[in-house]
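Quick note: the sequence shown uses this note's numbering, first residue 1103, plus one each step. Glycine residues also receive a C-beta, built at the ideal position from the N, C-alpha and C atoms. A quick write-up on the structure given underneath.
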Amino acid sequence: MPTTVVTGANRGIGLELVSQCLERGDTVIAGCRSPDDAHDLKGLAPNEILELDVGDETSINSFTHAIEEPIDLLINNAGTSVSNLGLDREQAGVLNAPIDLTLDLIRINGLSAAAVTRNLLQRFQPGSQVVNVTSQIGSMVIGANFDDLPYAASKAVMNMVTVQLATQLKDQGISVVAFHPGWVRTDMGGSGADLSVEESAQGILATMQTFEHADSGSFLRWDGSVHPW
Ligand SMILES: NC(=O)c1ccc[n+]([C@@H]2O[C@H](COP(=O)([O-])OP(=O)(O)OC[C@H]3O[C@@H](n4cnc5c(N)ncnc54)[C@H](OP(=O)(O)O)[C@@H]3O)[C@@H](O)[C@H]2O)c1
1103 MPTTVVTGAN
1113 RGIGLELVSQ
1123 CLERGDTVIA
1133 GCRSPDDAHD
1143 LKGLAPNEIL
1153 ELDVGDETSI
1163 NSFTHAIEEP
1173 IDLLINNAGT
1183 SVSNLGLDRE
1193 QAGVLNAPID
1203 LTLDLIRING
1213 LSAAAVTRNL
1223 LQRFQPGSQV
1233 VNVTSQIGSM
1243 VIGANFDDLP
1253 YAASKAVMNM
1263 VTVQLATQLK
1273 DQGISVVAFH
1283 PGWVRTDMGG
1293 SGADLSVEES
1303 AQGILATMQT
1313 FEHADSGSFL
1323 RWDGSVHPW
């Protein structure tokens, strides 16, 4: 059975990715900040639930060191927004955004994908896949019109992490892909969003099942279509 690792697994898109991976028979290792409080996740009974705060390098190291199985699919899904870090969205534009908070978001949403992935290199083999759940806001074209510098910059960093990892890992047969999951009805996306978590997760997982390694380094939408950078 394939082994899948999902970060930010206790709610939203991450929880649904865990659910669908378990349903199709994967061994699932789920990372979340507070395993004791992760009642919905525990209800799905993944094979392992490990503590992971992607904003804390010590936590990332403990998480990755605890994983001993070969990994087929790593999904770097954990992510947050300025409002979760205590900043009013009105103050998040490029003319106002506090630099320290912007750096915090870049660390959590962008650089953590590099840290988690490179720590797990020994667990990958040819054919392993890494999915980075980014956002269309990380594209230069769409991000240009989005008045939230920390989030846009953090996802642009995740996109750069994706293409650089793809280059470095290409010869080892490890694919790395950035996915815009769509505008999804979660705590982050809000109740008025276009897609259900089921549609988003199903699209990402189905796309990766037929993914060609030659396309590593792509930026895709949840439905497998190519997203412009
Ligand atoms: N929903 C959308 O429309 C949308 C659109 C584009 C991209 N995305 C991206 O999709 C991913 C999932 O988002 P979502 O909509 O499912 O959001 P969500 O419902 O707010 O869930 C976010 C998940 O990330 C976790 N997380 C946040 N900060 C973390 C940290 N420092 N360490 C570890 N885990 C952390 C949360 O855990 P806690 O419960 O501990 O906070 C939660 O499990 C994110 O990367 C987001 O940027 C979402």
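Next on the checklist: Among the candidates A1215, Q1193 and L1189, whose CA atom is the shortest distance from the CA of G1110?
Outcome noted: A1215
Item to check | beta-carbon P1148 near ligand 1 non-hydrogen atom, thresh 7 Å | outcome: no
Checklist entry - Is the Cβ-Cβ distance between V1156 and A1132 less than 8 Å? => result no
Checklist entry - Should P1330 be counted as a contact of ligand 2 given a C-beta to heavy atom distance under 7 Å? => result As far as ligands go, the structure on display features ligand 1 and does not contain ligand 2.
Checklist entry - Is the beta carbon of H1282 within less than 7 Å of some heavy atom of ligand 1? => result yes
Checklist entry - When the Cβ atoms of the segment 1183 to 1197 are set against those of the segment 1250 to 1259, are three or more pairs found closer than 8 Å? => result yes
Checklist entry - Can you tell me whether DSSP reads Q1270 as helix, strand or coil? => result helix
Next on the checklist: With three or more beta-carbon pairs closer than 8 Å as the criterion, would you say the segment 1114 to 1124 touches the segment 1163 to 1181?
Outcome noted: yes
Item to check | 8 Å contact criterion, which H1315 and F1321 should meet: CB distance rounded | outcome: Contact doesn't hold; Cβ gap of about 16 Å is too wide.
Item to check | A1199 classed as buried or exposed, judged by whether at least 16 other C-beta atoms fall within 10 angstroms | outcome: buried
Next on the checklist: Would M1262 and T1236 be called neighbours here (beta carbons separated by less than 8 Å)?
Outcome noted: no
Item to check | Proximity to W1285 [Cα-Cα], best of A1255, T1264 and D1325 | outcome: D1325
Checklist entry - Exposed or buried, what is I1173 when buried is set at 16 or more other beta-carbons lying within 10 Å of its beta-carbon? => result buried
Checklist entry - What are the boundary residues of the alpha helix (DSSP H) that N1163 is part of? => result E1159 to H1167
Checklist entry - Beta carbon of I1177: closer than 7 Å to some heavy atom of ligand 1? => result no
Checklist entry - Measuring CB to CB, does M1290 end up less than 8 Å from S1183? => result yes
Item to check | Residue environment, H1141, which counts as buried when at least 16 other CB atoms sit within 10 Å | outcome: exposed
Checklist entry - Can you check whether the CB of S1256 is closer than 8 Å to the CB of I1208? => result yes
Checklist entry - In chain order, what residues of the same chain lie with their CB nearer than 7 Å to the CB of V1130, ignoring the 5 residues before and after it? => result T1106, V1108, V1120, C1123, L1124, P1148 and N1149
Checklist entry - Got a sec: does ligand 1 put a non-hydrogen atom nearer than 7 Å to the Cβ of D1289? => result yes
Checklist entry - Within the present structure, is the beta-carbon of A1180 separated from the nearest heavy atom of ligand 1 by less than 7 Å? => result yes
Checklist entry - If you run the structure through DSSP and keep just helix, strand and coil, what is Q1122? => result helix
Next on the checklist: Using only the alpha-carbon positions, how far apart do S1302 and T1160 sit?
Outcome noted: 31 Å
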